[in-house]
Amino acid sequence: MNVNLSSEFKEKYTNLLGDRAPKLFSAIETESENAFRINPLKPGYKTLTESLERPIEYTDIGFYGDIDGNSIDHLSGYIYSQEPSAMYVAEVLDAKPGETVLDLCAAPGSKTTHIASKMASEGLLVSNEINYKRAKVLSSNVERMGIRNTVVTNNSPKDFEKDFNNYFDKILVDAPCSGEGMFRKDPESVKYWSKEYVESCANRQKHIMDSAYKLLNNGGTFVYSTCTFSPEENEENIDYFLNKYPDMQIVEIKKYPGMEDGKPEWGNDNQNLTKALRMFPDQFNGEGHFICKMQKVGTVANVKSRDLNSGMKKEDTQLFDKFIKQNLQENPYSNYLHIADYLYNPASLDSRFKKLHVLRNGIKLGEFKKNRFEPDIAMILAIEPKELKTIYDLSDDQFGKYLHGESVILEKQPDFNNKWIGLSYQNKLFSWGRYSNKEIKNVYPKGLRR
């Protein structure tokens, strides 16, 4: 691998690390280790084609190894590719079922989907991304993993400040950074590195942290992380934050082999920084990360929800009830949000979200079209197989053709009494199929076809 580190970069880290610096530079030149997480929100989530023989010590759902992005395990949301050191961030945040959690810089979704898996579809996870294109990718990954309790927003952190102060029990800021820990995965990113770029990232991160402080409830947990080595974006920022907000306290993080203490000498000699955590690729089997966990001291504020009504018309309610009766064993949904022609099973009905740019609120169940209801793929990816009346498991050949956009022609008349059936491959649900006269018509979204 050829990673052209600049002389300026090498000089900086030689001054910081001394004799250790050549080991870091050498590690950046070596091949990175791939890894993936399995998804406990899915039934039978350990039944995979991928090998689970190399578990990652600090998470019970992470494994070293490569995955196939075209496999049924990936397409159906059973696995998610994630760099090893990044997997520890959600473990440190330690979100619990029933909590209200904010992932403030969430795209592309690796940490959000990890957080959601720990919440077990209970509570509220708000996953925000300021960049619209990246927010769309985030929303797609949330959908693929079958996550029910997430609101995906496309806003700046400051947009939350008016209505969401003291709202969240836990907040993650996986801050946009200079990305020094990603150099060997993306050698092209080295070209953008400069001392000025590092300083601009550090300044931007301070503003994000200021917003996070306002949004965090008293007694709440704030985790700050980056995938960069620079002191300016890590220890110096934490020192700034703790001095500005004296009611914030660093919490000790458990460190596994290869993980190191934060460095007080890189943060104005603040000795509390030893409670933070660093991972460097010369010592740790991953790309590199900085993580700091903090708690806001004080009495928990009582934040009341301002609930919307569903907005469903009587005729639409009847159409959806008809769909449920024909195709599902029973109705698993209790809350609805009707926006334009689309129906959602919302993660939140709090009216505060009307003031944000919401891309996804819970599960998009489907769309009302000309006196009928058509289900969305998000519904099938989040549903339990036992909730469906009919599931048809495709053969290898049928699966390949269906991914290409072809319909499935059945040789014999099946015993299907309903129009919409769940399609699976290797017993993993991945799409709806619309059945009519020995044919399962292809409704797989065009953007997902292979």
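Using my numbering, you'd call the opening residue of the sequence shown number 6 and step up by one each time.
Think of the CB as a built atom: it goes at the ideal place given N, C-alpha and C, for glycine as much as any other residue.
Let's test the definition: count the other Cβ atoms within 10 Å of the Cβ of Ile414 and tell me whether it reaches 16, buried, or not, exposed. exposed
So Asn55 and Ile33 are supposed to be a Cβ contact under 8 Å. How far apart are they, rounded? Here residue 55 turns out to be Glu, not Asn, going by the sequence shown. Not confirmed; about 27 Å, so no contact.
Across the stretch 295-305 and the stretch 380-400, are there enough close Cβ pairs to call them in contact, namely three or more that are closer than 8 Å? no
For Cys5, three-class secondary structure by DSSP: Any answer about residue 5 is impossible in this case: the structure gives the chain only from 6 up to 455.
If you draw a straight line from the alpha carbon of Asp78 to that of Ser86, how long is it in whole angstroms? 11 Å
Going by DSSP in three states, Trp425 sits in which element: helix, strand or coil? strand
Tyr137 classed as buried or exposed, judged by whether at least 16 other C-beta atoms fall within 10 angstroms: exposed
Below 8 Å between beta carbons: does that hold for Gly427 and Pro390? yes
Considering Val363, what are the terminal residues of the beta strand (DSSP E) in which it resides? Val363 to Asn366
Whole angstroms is fine: what's the gap from Lys375's alpha carbon to Asp65's? 47 Å
Ser235 and Val195 closer than 8 Å at C-beta: no
Using 8 Å as the threshold, is the C-beta distance between Asn154 and Glu134 below it? no
Output yes or no for whether 8 Å exceeds the beta carbon distance between Ala217 and Leu109. yes
Would the stretch 156-175 count as touching the stretch 347-364 if we require 3 or more Cβ pairs under 8 Å? yes
Local conformation of Gln276 per DSSP, three classes: helix
Complete beta strand (DSSP E) runs within the stretch 196-275 (minimum length 3 residues, chain order): 221-231, 253-256 and 264-266
Would a C-beta distance cut-off of 8 Å place Met214 and Asn242 closer than the cut-off? yes
With a cut-off of 8 Å on the beta carbons, I'd call Asn171 and Asn223 a contact; round off their distance for me. 7 Å
For a test of the three-state rule: what should DSSP assign to Asp99, helix, strand or coil? coil
Apply the 10 Å Cβ neighbour rule to Glu88 and answer buried if 16 or more other Cβ atoms are within range, or exposed otherwise. buried
For my contact list, Met284 and Met264 are in at a C-beta cut-off of 8 Å; report their separation, rounded to the angstrom. 6 Å
Mind reading off the beta-carbon distance from Met124 to Glu96? Whole number of angstroms is fine, and I expect it under 8 Å. Contact flag wrong, Cβ pair sits at about 13 Å.
Per-residue burial, Glu238 [other beta carbons within 10 Å of its own, 16 or more giving buried]: buried
Could you pull the start and end residues of the beta strand (DSSP E) that Gly438 belongs to? Lys433 to Ser441
Own chain residues within Cβ distance below 8 Å of Lys211, not counting five before or after: Asn242, Tyr245 and Phe246
Beta-carbon separation (whole angstroms), Ile152 vs Thr118, contact threshold 8 Å: 7 Å
Looking at Lys116 and Leu177, is the spacing between their C-beta atoms short of 8 Å? yes
Bridge partners - Leu107, DSSP secondary structure assignment: Val131 and Ile176
Please list, in chain order, all residues of the same chain as Tyr430 whose beta carbon is under 6 Å from its beta carbon, the five residues on each side excluded. Ile77, Leu399 and Phe404
Would you decide whether Tyr261 is buried or exposed? Buried here means 16 or more other CB atoms lie within 10 Å of its CB. exposed
May I have the straight-line CA-CA distance separating Ser183 from Ser11, to the nearest angstrom? 14 Å
Determine the direct distance from the alpha carbon of Pro269 to that of Asn277, and round the result to whole angstroms. 7 Å
Need the endpoints of the beta strand (DSSP E) that Ser86 sits in, please. Ile84 to Ser86
Hey, out of Ser144, Leu354, Gly186 and Arg454, whose CA is closest to Gly410's CA? Arg454
In chain order, what residues of the same chain lie with their CB nearer than 8 Å to the CB of Ala26, ignoring the 5 residues before and after it? Lys15, Tyr18 and Thr19
Using the beta-carbon count (16 or more within 10 Å), is Arg59 buried or exposed? exposed
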